[in-house]
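In my numbering, the protein residues as written are 218 to 478.
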């Protein structure tokens, strides 16, 4: 790696850790940084998951007070996240570089649209939620079998491609009955950490990780994740949403041009 490579990967990792802790969408910064320095697509996605794993842990730790009230169904939601993460990671490894490269622009475009319209989608689906699901703290909604099934699907997507996973998860938790944004963010950080943990094991065992690149990004993403989680309590982030949407749109167009042009 050149010094420029180190700076690019480090900046991408820090931005990803901070943005994931605040709003989700950090992979829009870290994954393209790895591709830009020449890491093959599947290895880049695997390395990105390993690098963002500690950031998700530090983000979850920063929200430990909010998580204390959800002990009753953290275990089943965690199991759904674990199983989905393993399945998604194995799907990525089976896809190979050529197939995954062809999917990159579509995945980025899907994640960008999901991020851009997640408030409207969440509001629309919450209006269709039955009244019995309105009280998440009483064990309905996100803590129900339907909630676990949705979390399994979100986790499969997250294990395969991390971009947009946090947005999907925050939307599903809101639809399931959670209304406090800080509590939704706390649960998202913890369940994301579970998904990253199992995909890390899958990718490491398969030898799909570029360790020099990963170690640089791991350090900066961890710093960004803890700082972002602390900052998230004190700021409103419309500007951050605009930045993530702009970056995601630009990257989608770029990879469509690169793949189809």
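Here a beta-carbon is modelled for each residue, glycine too, at the ideal position from N, C-alpha and C.
Is residue i helix, strand or coil by DSSP?
i, result
"residue 400", "helix"
"residue 264", "helix"
"residue 430", "helix"
"residue 423", "coil"
"residue 393", "coil"
"residue 280", "coil"
"residue 414", "helix"
"residue 231", "helix"
"residue 381", "coil"
"residue 254", "coil"
"residue 437", "helix"
"residue 329", "helix"
"residue 244", "helix"
"residue 386", "helix"
"residue 476", "helix"
"residue 361", "coil"
"residue 275", "helix"
"residue 218", "coil"
Is it right to say residue i is buried, meaning 16 or more other beta carbons lie within 10 angstroms of its own, or is it exposed?
i, result
"residue 385", "buried"
"residue 224", "exposed"
"residue 458", "buried"
"residue 411", "buried"
"residue 408", "buried"
"residue 221", "exposed"
"residue 219", "exposed"
"residue 368", "buried"
Just to confirm my understanding: we take residue i, look at its own chain, exclude 5 residues before and 5 after, and list those with CB closer than 7 Å. What are they?
i, result
"residue 468", "245, 249, 325"
"residue 481", "Residue 481 is absent from the structure shown; the chain starts at 218 and stops at 478."
"residue 420", "263, 266, 267, 306, 426"
Apart from the five residues just before and just after residue i, which ones in its own chain have a Cβ nearer than 6 Å to its Cβ?
i, result
"residue 252", "261"
"residue 341", "none"
"residue 174", "This structure leaves residue 174 out entirely; the chain is present only between 218 and 478."
"residue 373", "301, 304, 305"
For a cutoff of 8 Å on Cβ pairs, would you count residue i as touching chain C?
i, result
"residue 433", "No chain C is part of this structure, which consists of one protein chain only."
Can you list, in chain order, the residues of its chain with a C-beta nearer than 8 Å to that of residue i? Leave out the 5 residues immediately preceding and following it.
i, result
"residue 232", "243, 246, 247, 441"
Touch test, the segment 459-476 against the segment 268-284, Cβ-Cβ under 8 Å, three pairs minimum: no
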